[in-house]
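Okay, structure first, notes after.
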Amino acid sequence: MISSKNFQFLTAAVIVVAMPLFMKSGSLASEVLIYALAAMACNLLLGYTGLLSFGQGVFFGLGSYTLGIVLTRLPISMPLALLGAVVVGGIGAAIVGWVAIRQRGTYFVMLTLAFAQMFYFLAYSLPDLTGGDNGLMDIPRKSISVAGQTLIPLETPWQFYGFVAVLFLIVYWMLRTVCDSIFGRTLLAVRDNEERAAAVGYNLRLLKLQAFVISGAVTGLAGALHALMTGIAPLSNAEYHTSEMILVMTVIGGTGNLLASLLGAAFYVLLGDWLSTLWPRWLLILGVVLMIVSLGMQGGLWGLCQKLAQLARGSRQARQDDDKSGAQGTGANGTNGTNGGHA
Amino acid sequence: MSIYLLQTINGIGIGMLYFLLAVGLSIVFGLLRFVNFAHGTFYLLGAYFCYQMAQWGMSFWLSLVVVPLAVGAVGWVTEKLILRHVYSKPHEFHILITVGFALVIQEVVIMIWGPLGDSVAVPETLNGVVMWGSFIYPKYRLFVIGFTAVLAVIIWWVLEGTRLGSVVRAGSESTEMVSLLGMNVFGIFSLVFALGVGLAALAGVLAAPIRGVSPFMGVEALGVAFVVVVVGGLGSFSGALVGGLLIGIVQSLMSTIWPPGASLMIYVAMAAVLLLRPNGLLGRQV
């Protein structure tokens with residue numbers, strides 16, 4: 001039988017391939033995957049490590065600005081600029097993480113939000129570097145070519161989507177591998193019971209910092225791709241609103257499962273695209289959804305899908321599969337014992 | 001008169017507003033370990049209610065009394081209807097539900113008053129400046145400093161000198177112990193929540209003639225309130241006061257030295273305090 005890991009990867013691949021079939025806009029489809037990257041990175045922190053970070057906008061903004069600055073001012077090719085955004089996102093996360101991880105719980109959350117605000121005002125105060133209020137404009141999106149021969153064309157939105165889709169699947173596979181590794185299992189142990197994990201002898205700060213850096217690097221990539229897609233790196237990519245949006249996608253999708261983040265991002269982006277033309281105040285609906293999820297539907301959309309699947313199967317086996325962490329579905333991981341915290 | 005002296009006095013005025021904004025957040029956290037990400041929203045509501053009353057031609061003095069009561073009532077109802085259902089859940093859900101609530105209120109504010117900000121006139125009796133020799137200062141800002149100073153004394157007295165205050169302080173040390181002694185901690189919590197929210201609204205009313213109103217002022221206020229409690233120490237009245245004044249003065253002085261970076265500097269000040277004293281200036285171990 002196919003393993004749960006491979007099954008979920010295949011599902012992601014099928015979604016990625018199927019999106020062009022039923023969506024009319026390539027930009028919209030790219031946006032779904034870009035935010036799914038950011039939401040997965042946020043999920044690695046919230047769902048796997050138990051860290052609620054309000055600072056994801058910092059890394060998203062860092063990615064956007066890095067790519068924008070490099071491509072508009074330096075004679076460096078786009079793939080290298082993307083790599084730069086990943087590195088800068090990771091370094092930014094190391095700095096924010098190093099300070100914030102000294103604190104736990106609510107204090108940690110408040111610190112990440114304060115850092116998000118700090119970064120926003122920093123970007124605002126340095127208009128020579130970031131373009132201030134206007135952001136960086138006219139970021140070029142050239143096709144990737146070697147010796148005059150176009151290897152990967154990026155002119156049309158659907159060509160760009162193909163590029164993003166490949167990157168998305170690579171990162172998804174890498175994150176999946178990280179989560180299934182011993183490191184990932186240890187993160188689950190930290191999430192479920194911090195005291196116990198510390199007592200066993202794990203270096204909590206180091207573990208959390210590593211998770212933070214991975215998350216920042218992936219979010220930086222997402223920010224860079226977003227800037228590449230729109231051709232601008234706006235100040236709003238560094239705003240509180242971006243941090244909030246990434247967190248909302250993660251929570252609505254469901255925590256503790258990477259595929260859930262794709263679901264959450266798709267829900268947010270597509271609902272936003274559809275509703276914002278009908279009713280500009282659609283964020284109100286989102287606020288209500290967020291409250292409902294926090295009140296009762298703690299597995300988010302993914303949890304809802306699992307419940308429906310369980311109803312459809314109606315067997316006892318299904319109930320076991322639907323064990324709290326929900327992430328692996330095999331119910332065989334040893335860190336699942338306390339079922340603490342996250343649904 | 002020295003520009004720095006002037007800015008320091010300005011900073012005290014702004015700092016006292018920050019204190020009003022943060023003290024409710026801090027005490028509510030102290031009592032039930034509940035962090036209210038919608039706190040800035042109540043500041044926003046305070047400012048907009050004041051704006052609306054001014055539009056209706058009612059006096060500023062009336063809104064100074066009515067608005068905190070009205071917003072306090074909104075907070076009380078919110079606590080009863082929504083928040084109390086999540087106390088038993090992990091703190092992520094406290095945060096998420098208040099974030100959702102803040103989003104809803106912000107959108108409602110835009111629906112009613114529009115996405116653009118507006119200014120609020122300074123009340124007529126406080127228009128103009130005070131002159132003592134070479135000292136020239138706007139009347140309204142002096143009033144804000146005096147009024148908030150009196151309020152701070154009253155809040156201090158309520159916390160230190162009344163039965164409610166002793167329960168709140170004991171509750172922030174150990175909620176379990178207070179409920180074992182037969183106190184209705186949740187009833188007291190509703191009241192304290194409404195008080196904290198009312199104070200945030202009052203800060204909104206007082207700030208409206210200085211800074212005007214805009215639908216996104218809630219987010220900025222939330223960031224500032226967090227910085228104040230992180231700097232001062234969570235759950236501490238004097239921490240909120242010291243933190244508020246420090247942040248207000250830093251921001252005010254910086255707006256002379258490097259105007260674009262004034263808001264940035266309050267976060268830099270926070271980072272500096274955290275590196276030296278991770279639990280805040282007057283905070284206990286959390």
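These protein sequence lines are chains A and B, in that order. Mapping of the first sequence onto the UniProt record's numbering: residues 1 to 343, in sequence order. Mapping of the second sequence onto the UniProt record's numbering: residues 1 to 286, in sequence order. Backbone N, C-alpha and C define an ideal beta-carbon position, used for all residues, glycine too. In this text, all values refer to a predicted model and were calculated from it rather than measured experimentally.
Residue-level contact to chain A via CB, residue 38 of chain B, 8 Å cutoff: Not one beta carbon of chain A lies nearer than 8 Å to the beta carbon of residue 38 of chain B.
Reference residue 265 of chain B, options B:246, B:281, B:280, closest by Cα: Cα-wise, what sits closest to residue 265 of chain B is B:246.
Presumed contact (8 Å Cβ cut-off) between residue 115 of chain A and residue 96 of chain A, rounded CB distance: Correct: roughly 5 Å between the Cβ atoms.
Per-residue contacts from residue 215 of chain B into chain A (C-beta, under 9 Å): Simply none; closest approach about 11 Å.
Beta-carbon neighbours of residue 263 of chain B, restricted to chain A and to distances below 7 Å: Those within 7 Å of residue 263 of chain B in chain A are 121.
Proximity of residue 218 of chain B and residue 44 of chain B at Cβ, strictly below 8 Å: Closer than 8 Å, so yes.
Chain A contact residues for residue 219 of chain B, given Cβ-Cβ distances below 7 Å: Neighbours of residue 219 of chain B on chain A, chain order: 240.
Partners in chain B for residue 31 of chain A, counting only beta-carbon separations shorter than 9 Å: Residues of chain B passing the Cβ test: none, with the nearest at roughly 20 Å.
Distance, residue 22 of chain B Cα to residue 3 of chain B Cα: The straight-line gap from Cα to Cα measures roughly 28 Å.
Length of the line joining the Cα atoms of residue 271 of chain A and residue 157 of chain B: So the alpha carbons of these two residues sit roughly 51 Å apart.
Spatially closest choice to residue 231 of chain A from A:154, A:254, A:246, A:305, by CA coordinates: Residue 231 of chain A has its Cα closest to that of A:154, out of A:154, A:254, A:246, A:305.
Outcome for residue 31 of chain A when other beta-carbon atoms lying within 10 angstroms are tallied against a minimum of 16: Classification of residue 31 of chain A: buried, given that the 10 Å Cβ count is 16 or more.
Sequence-distant residues of the same chain with beta carbon closer than 6 Å to residue 251 of chain B, five excluded per side: Same-chain partners within the cutoff: 262, 266.
Simplified DSSP state of residue 66 of chain A, which is helix, strand or coil: In the structure shown, residue 66 of chain A sits in a helix (DSSP, three-state: H, G or I).
Residues near residue 97 of chain B in its chain [Cβ-Cβ closer than 6 Å; skip 5 each side]: Same-chain partners within the cutoff: 86.
Beta carbon proximity, residue 100 of chain B to chain A, threshold 8 Å: For residue 100 of chain B, a Cβ of chain A is located within less than 8 Å of the residue's own Cβ.
Selected residue, minimal CA-CA separation from residue 69 of chain B, among B:194, B:279, B:272: Taking the Cα of residue 69 of chain B as reference, the smallest distance to any Cα among B:194, B:279, B:272 is reached at B:194.
Chain B residues whose Cβ lies nearer than 7 Å to that of residue 53 of chain A: Here the premise fails: no neighbours, minimum Cβ distance about 11 Å.
Classification of residue 343 of chain A by the beta-carbon crowding that lies within 10 angstroms, buried from 16 upward: At residue 343 of chain A, the pLDDT of 36 sits below 50, so the modelled position is not reliable and the matter cannot be decided from this model.
Pick from B:100, B:142, B:99, B:126 that is closest to residue 8 of chain B, judged by C-alpha positions: Of B:100, B:142, B:99, B:126, the smallest CA-CA separation from residue 8 of chain B is found for B:142.
Three-way DSSP call (helix, strand, coil) for residue 103 of chain A in this model: In this structure, residue 103 of chain A counts as coil in the three-state DSSP scheme.
Test: residue 107 of chain B CB closer than 8 Å to a CB of chain A: True, the Cβ-Cβ gap to chain A drops below 8 Å.
For residue 136 of chain B and residue 244 of chain A, the rounded distance between their alpha carbons: Approximately 43 Å between the Cα atoms of the pair.
CB-CB length for residue 119 of chain A against residue 247 of chain A, believed under 8 Å: Taking the Cβ atoms as the reference, residue 119 of chain A lies roughly 16 Å from residue 247 of chain A, outside the contact range of under 8 Å.
For residue 340 of chain A, the three-state DSSP class (helix, strand or coil): Model confidence at residue 340 of chain A stands at a pLDDT of 38, short of 50, so the residue's coordinates are unreliable and nothing is read from them.
Residue-chain proximity (residue 254 of chain B, chain A), Cβ-Cβ < 8 Å: So, not an interface residue.
Where residue 249 of chain A meets chain B, residues with beta-carbon distance less than 9 Å: Chain B residues near residue 249 of chain A: none, gap ~12 Å exceeds 9 Å.
Under 7 Å by beta carbon: chain B residues contacting residue 244 of chain A: Chain-ordered, the chain B residues with CB closer than 7 Å to the CB of residue 244 of chain A read 99.
Check whether residue 233 of chain B and residue 275 of chain B have beta carbons under 8 Å apart: Pairing residue 233 of chain B with residue 275 of chain B gives a Cβ-Cβ distance that is not under 8 Å.
Inter-stretch contact at 8 Å, needing at least 3 Cβ pairs: the segment 288-301 of chain A / the segment 63-70 of chain A: With a cut-off of 8 Å, the segment 63-70 of chain A and the segment 288-301 of chain A do not count as touching, because too few Cβ pairs lie within range.
Delimiting residues of the alpha helix (DSSP H) encompassing residue 148 of chain B: 139-161 is the span of the alpha helix (DSSP H), which, as asked, contains residue 148 of chain B.
8 Å CB neighbourhood of residue 179 of chain B in its chain, flanking five on each side removed: 185, listed in sequence order.
Contact with chain B by residue 124 of chain A, beta-carbon distance below 8 Å: At least one chain B Cβ lies under 8 Å of residue 124 of chain A.
Bounding residues of the beta strand (DSSP E) (the contiguous stretch that carries residue 120 of chain B): No beta strand (DSSP E) holds residue 120 of chain B; DSSP gives it neither H nor E.
Residues sharing a beta bridge with residue 136 of chain A, DSSP: Residue pairing of residue 136 of chain A in beta bridges, as defined by DSSP: A:233.
The segment 88-108 of chain A in contact with the segment 156-176 of chain A per 3-pair CB rule at 8 Å: Contact between the segment 88-108 of chain A and the segment 156-176 of chain A is absent, because fewer than three Cβ pairs lie under 8 Å.
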